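Residue numbers for the sequence shown follow numbering that gives the first Met the number 0, so the first one is 0 and each next one is one higher.
Cβ coordinates follow ideal geometry from the N, Cα and C atoms, glycine included.
The model shown is predicted, which means the values in this text are computed figures rather than measured ones.
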Amino acid sequence: MKGRLYTLILFIVAVHSAAIAQQVPITSQYLTNGLIINPAYTGTREALSANLSYRKQWAKITGAPQFQTLSLHSPINNKEKVSLGLMADYLTYGVTKDVGIYAFYAYSVRLGRGKLSMGLKGGLDLSNTNYNKLQFPDGNPTDPLLTG
0 MKGRLYTLIL
10 FIVAVHSAAI
20 AQQVPITSQY
30 LTNGLIINPA
40 YTGTREALSA
50 NLSYRKQWAK
60 ITGAPQFQTL
70 SLHSPINNKE
80 KVSLGLMADY
90 LTYGVTKDVG
100 IYAFYAYSVR
110 LGRGKLSMGL
120 KGGLDLSNTN
130 YNKLQFPDGN
140 PTDPLLTG
């Protein structure tokens, strides 16, 4: 009984913990490019796969989010269980620009007619916010943090 209680407490803590330093971009292309949300997707098409996507949200609104990705992934060869992939993305929203470059590693195991894939993702995220481009309807802001 104690074991079940500890497992339940651990599950509740894990589910309700905040993930720090992770950002999922606004996208609707995850159905055509699974690498955006899941590194285990690497090599699942069992051939060299490339994907280029672009999304602009809220057309005709200045500063609306735009998201672009370029990805490439493939199994090492037909007999290997290992797959590798690369992805670059560019996200702009308002006065902020984010650039990301990622590498993917996936390992697959056959289970009956299907397979189980496990993946790792590592990369670099660069973010730049240009506060000088902010526009205020009332002129200059009175907040000293924004005026420098």
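| Query | Result |
| --- | --- |
| By Cβ distance below 6 Å, which residues in the same chain neighbour N127 in space, the five residues on each side in sequence not counted? | K96 |
| Go to P74, then tell me how far its beta strand (DSSP E) extends in each direction, as first and last residue. | 65-74 |
| Please check the pair Y89 and Q67, which I expect to be a contact at CB under 8 Å, by giving their CB distance rounded to whole angstroms. | 5 Å |
| Would you list the residues sitting across from V98 in a DSSP beta bridge? | Y89, L125 |
| Taking 8 Å as the threshold, find out whether the region 32-44 comes into contact with the region 107-120 through three or more Cβ pairs. | yes |
| Considering only C-alpha positions, which residue in the set V81, Q134, L125 is nearest to V108? | V81 |
| Three-state secondary structure (DSSP) at F10? | helix |
| Among all the DSSP beta bridges, which residues are the ones paired with G84? | H72, F103 |
| Return yes when the Cβ of A87 is within less than 7 Å of the Cβ of T41, no when it is not. | no |
| In the DSSP output, what is L119 paired with across the bridge? | Y104 |
| Going by DSSP, which residues form a beta bridge with K59? | None; K59 has no bridge partner. |
| For N77, count neighbouring C-beta atoms within 10 Å of its own C-beta (all shown protein chains included) and say buried if the count is 16 or more, exposed if not. | exposed |
| Just how far apart, CA to CA, sit Q134 and S116? | 47 Å |
| Could you give the DSSP three-state label for G33: helix, strand or coil? | helix |
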